[in-house]
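**Q** Encoded as structure tokens, here's the structure I'll be asking about.
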Amino acid sequence: MILAARAGRAPGRSQAGPHPLGGSTAVLGGRGANGFTLIELLVTATIVAILASVALPLAELNVKRSHENDLRAALRDIRGAIDAYKQAVDEGRIEKKADASGYPPNLQVLVDGVPDAKSAKKNRIVFLRRLPRDPLNTDPNASAEQTWGLRSYDSPADAPQPGRDVFDVYSLSPATGLNGIAYAQW
Numbered sequence: 001m002i003l004a005a006r007a008g009r010a011p012g013r014s015q016a017g018p019h020p021l022g023g024s025t026a027v028l029g030g031r032g033a034n035g036f037t038l039i040e041l042l043v044t045a046t047i048v049a050i051l052a053s054v055a056l057p058l059a060e061l062n063v064k065r066s067h068e069n070d071l072r073a074a075l076r077d078i079r080g081a082i083d084a085y086k087q088a089v090d091e092g093r094i095e096k097k098a099d100a101s102g103y104p105p106n107l108q109v110l111v112d113g114v115p116d117a118k119s120a121k122k123n124r125i126v127f128l129r130r131l132p133r134d135p136l137n138t139d140p141n142a143s144a145e146q147t148w149g150l151r152s153y154d155s156p157a158d159a160p161q162p163g164r165d166v167f168d169v170y171s172l173s174p175a176t177g178l179n180g181i182a183y184a185q186w
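Under my numbering, think of the first position of the sequence shown as 1, with each following residue one higher.
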């Protein structure tokens with residue numbers, strides 16, 4: 001009370017003063033509004049929770065879409081290399097046994113290369129710089145070749161099995177893509 005009297009105001013009365021951003025502030029009982037009320041904190045927390053519940057599924061969807069794009073690119077690269085190998089065999093640039101299908105015996109051959117039968121220097125024909133990993137395979141200890149399922153020329157399309165050659169590759173993931181098709185059938 002003594003301090004209020006010295007300041008020239010009556011105790012318990014409101015004091016209005018200019019606000020730094022314009023307008024005025026009223027302080028009741030000499031006490032300022034220095035914090036948030038519990039209601040304001042609850043409303044803010046609720047809004048943040050709603051935004052997070054919307055953003056998290058979208059982030060997961062973007063990650064899945066990114067993995068699918070990587071899978072498409074890897075399958076396209078490997079299948080293109082397998083087709084180029086077969087074409088080189090058909091053109092006589094790669095020696096082929098009489099009973100062979102003309103497809104590579106394994107995926108590593110596409111990276112290591114094979115001697116060009118039509119080259120005087122026996123230059124190597126390389127089909128891939130490196131073998132891409134299946135982006136859906138999370139085993140860090142598996143080699144790139146071990147992340148793929150292999151289908152030989154002699155196996156049926158609906159029940160792919162490895163064999164003497166590599167006719168096609170597929171993902172070993174049991175999951176289904178955003179398009180509703182299992183990754184193994186891509």
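Here a beta-carbon is modelled for each residue, glycine too, at the ideal position from N, C-alpha and C.
Helix, strand or coil for residue 125? Go by DSSP, reduced to three states.
**A** By one-based count along the sequence shown, residue 125 stands at place 125. Strand, per DSSP.
**Q** Got a sec, what are the start and stop residues for the alpha helix (DSSP H) residue 65 sits in?
**A** For the purposes of this step, residue 65 is taken as residue 65 along the sequence shown, with counting starting at 1. Element bounds for residue 65: 38-90.
**Q** Just how far apart, CA to CA, sit residue 142 and residue 175?
**A** Residue mapping note: residue 142 aligns to position 142 of the sequence shown, counting from 1. Residue mapping note: residue 175 aligns to position 175 of the sequence shown, counting from 1. So the alpha carbons of these two residues sit roughly 19 angstroms apart.
**Q** Pull up the distance between the alpha-carbon of residue 84 and that of residue 114, whole angstroms please.
**A** Start at 1 with the first residue of the sequence shown, and residue 84 comes out as number 84. Start at 1 with the first residue of the sequence shown, and residue 114 comes out as number 114. When rounded, the distance between both Cα atoms is 12 angstroms.
**Q** At what residues does the alpha helix (DSSP H) containing residue 205 begin and finish?
**A** No answer is possible for residue 205: the residues shown for the chain start at 1 and end at 186.
**Q** Please report how far the alpha carbon of residue 172 lies from the alpha carbon of residue 48, in whole angstroms.
**A** Sequence index remark: in the sequence shown, residue 172 carries index 172 (1-based). Sequence index remark: in the sequence shown, residue 48 carries index 48 (1-based). Roughly 39 angstroms separates the two Cα atoms.
**Q** DSSP three-state call for residue 103: helix, strand or coil?
**A** Translated into the one-based positions of the sequence shown, residue 103 becomes position 103. Looking at residue 103 - three-state DSSP - the assignment turns out to be coil, as it is neither helix nor strand.
**Q** Does residue 46 pass the burial test, meaning 16 or more other C-beta atoms within 10 Å, or should it be called exposed?
**A** The count along the sequence shown starts at 1 and reaches residue 46 at position 46. Exposed: under 16 other Cβ atoms inside 10 Å.
**Q** Roughly how many whole angstroms lie between the Cα atoms of residue 134 and residue 89?
**A** Mapped onto the sequence shown, residue 134 falls at position 134. Mapped onto the sequence shown, residue 89 falls at position 89. Each residue's Cα considered, the two are about 27 angstroms apart.
**Q** Assign residue 147 to one of three DSSP states: helix, strand, or coil.
**A** Indexing the sequence shown from 1 puts residue 147 at position 147. Helix.
**Q** Between which two residues does the beta strand (DSSP E) harbouring residue 170 extend?
**A** Position 170 of the sequence shown, counted from the start, is the residue given in the question as residue 170. Counting along the chain, the beta strand (DSSP E) containing residue 170 begins and ends at 168-171.
**Q** Of the residues 123, 58, 165, 182, which one's Cα is nearest the Cα of residue 136?
**A** In the sequence shown, counting from the first residue as 1, residue 136 sits at position 136. Of 123, 58, 165, 182, the residue nearest in Cα terms is 182.
**Q** Quick one: grab the DSSP three-state call for residue 184.
**A** Here residue 184 refers to the residue found at position 184 when the sequence shown is read from its first residue. Note: residue 184 maps to helix in three-state DSSP.
**Q** For residue 147, count the other beta carbons within 10 Å of its own beta carbon; 16 or more makes it buried, fewer makes it exposed. Which is it?
**A** Along the sequence shown, one-based indexing puts residue 147 at 147. Burial call: buried.
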